[in-house]
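Peer 1: I'd like to ask some things about the structure below.
In this note's numbering, the protein residues as written are 33 to 230.
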């Protein structure tokens, strides 16, 4: 069972390791992370931007081993275009400390991304969550609980089923499955943040 630990959150925010990084509750970026930043996290960013109507949040993405400067991966591009999503101008970028520290919430696509981010920047561990973890805990949170604070304060166990598999170069069906799984996660996260499709 997940635990709600306010005192641990306060200690994290006061930690010297986080000096120079603003508290997450002062930030307005949701950062999606995968490996190359051309498939899963790219889809999450572009779908979020397509669905959102309020300018209160900024949606961004990056990769832990990004194919820097590349557009959306083949097959993923068709899935997004079929949904009416504009992919023009999209370019992959490498995840850096500056990008990570600018995010209120870092939403990773599988456990290897989460592990990499926490190893590189341990002071950000309370901001890192898997997209499928969010789906699992949403029902526990209750209707009136604010998403960012709740997710930062929860110690959510990671399960192998929380991973969204990398579809890169695996064909049309793998791309479709990945985009559908990303959409399923965003169907939970975006309304929780206060965003709804119009």
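Cβ atoms here follow ideal geometry from the backbone N, Cα and C, with glycine treated the same way.
Note that the structure is predicted; figures quoted are calculated from it, not measured.
What residue ranges within the segment 148-187 form continuous beta strand (DSSP E) runs of no fewer than 3 residues, ordered along the chain?
Peer 2: DSSP runs (the beta strand (DSSP E)) wholly in the segment 148-187: 160-162.
Peer 1: Give the range of the alpha helix (DSSP H) segment to which residue 219 is assigned.
Peer 2: 204-225
Peer 1: In this structure, how does DSSP classify residue 92 when only helix, strand and coil are distinguished?
Peer 2: strand
Peer 1: Can you list the beta strand (DSSP E) stretches of 3 or more residues lying completely in the segment 58-85, in chain order?
Peer 2: 61-66
Peer 1: How would you write the range of the beta strand (DSSP E) that residue 137 sits in, first residue to last?
Peer 2: 137-140
Peer 1: According to the neighbour-count rule (16 or more other Cβ atoms, all chains shown, within 10 Å of its Cβ), is residue 212 buried or exposed?
Peer 2: exposed
Peer 1: For residue 230 and residue 216, what's the separation of their Cα atoms in angstroms?
Peer 2: Bear in mind that the predicted position of residue 230 carries a pLDDT of just 28, short of 50, making it too unreliable to give a figure here.
Peer 1: Within its chain, find whatever has a CB closer than 7 Å to the CB of residue 203; leave out the 5 residues flanking it on each side and keep chain order.
Peer 2: Counting only Cβ-Cβ distances below 7 Å, and skipping sequence neighbours, we find 107.
Peer 1: Cβ atoms of residue 100 and residue 126: under 8 Å apart, would you say?
Peer 2: yes
Peer 1: Using a Cβ-Cβ cut-off of 6 Å (strictly less than) and excluding sequence neighbours within five positions of residue 20, which residues of its own chain qualify?
Peer 2: Look at the range of the chain in this structure, 33 to 230, and you will see that residue 20 is not part of it.
Peer 1: Alpha carbon to alpha carbon, how far is residue 201 from residue 224? Give it in angstroms, no decimals.
Peer 2: 33 Å
Peer 1: Taking all protein chains shown into account, decide if residue 222 is buried (16 or more other Cβ within 10 angstroms of its Cβ) or exposed.
Peer 2: That one is buried.
Peer 1: Output needed for residue 219: all residues of its chain with C-beta closer than 8 Å, excluding positions within five of it in sequence on either side, in chain order.
Peer 2: none
Peer 1: What does the Cβ neighbour count give for residue 199, buried or exposed, with the cut at 16 atoms within 10 Å?
Peer 2: buried
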